[in-house]
Each structure stands twice: as C-alpha cells, then as structure tokens.
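For the sequence shown, the positions run 127 to 221 when this note's numbering is used.
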Amino acid sequence: GSRLALMTVSLGLICVLLLVFIILQHNTITAERDLMKSYKNTAEEFNKSINSLQHNYTDLMTEKDQLQNNFNSLSQKKLELETRVNSLSDELKKK
C-alpha cells in the first residue's frame with residue numbers, strides 16, 4: 127500500500143515538473159518568436175531606409191550633374207562676354 131502511494135506521489139510530482147517544464151519552454155519559444163518578429167520588422171525598416179537613402183542619393187547626384195552643367199554653361203557665357211567686352215574696349219581705344 128505505502129509503496130503504491132509513494133509511486134503515485136512520485137509519478138504525480140514528475141507530471142507536475144514536466145508540466146512546469148513545458149510551460150517554461152512554451153514561454154521561451156513565444157518570447158523568441160516575438161523577438162524574431164521584432165528583428166524582422168527592424169530589418170525591414172532598415173532596408174526601407176537604405177532604399178530611400180539610395181533613391182535620395184541618386185536624385186542628388188542627378189541634380190549635382192545638372193548644376194555642374196549649368197555652371198559650366200554660365201562659365202562659358204561669362205568667358206564669351208569677357209571676350210566681347212575686351213573686343214569692344216579695344217575698338218573704343220582705337221577710335
């Protein structure tokens with residue numbers, strides 16, 4: 127009788143410990159899953175930021191090239207005007 131009671135209590139204790147272990151494992155797995163979702167969301171936001179920055183960089187480089195072309199064109203016009211002014215000045219000096 128007492129052996130059976132001892133075995134029953136031992137089996138009950140093992141079942142309780144197993145249940146506690148299962149609950150702890152479930153909580154750990156749930157926490158890890160939530161953490162993975164958080165990491166995934168962070169990585170997606172990071173990739174969106176990188177794509178946006180790359181797009182902005184491309185736009186800025188295009189604008190820079192346009193400004194450089196405008197500057198070069200204006201520099202050329204300035205040289206032409208300086209040449210024209212010098213030419214007119216020379217003509218005035220000759221008169």
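For every residue, glycine included, the Cβ atom is placed at its ideal position computed from N, Cα and C. Since the model is a prediction, treat every value here as computed from it, not as a measurement.
DSSP three-state label for residue i, please.
{"i": "G138", "result": "helix"}
{"i": "K221", "result": "coil"}
### Task
Tell me the start and end of each unbroken alpha helix (DSSP H) in the stretch 130-182 that is at least 4 residues and wholly inside, in chain order.
none
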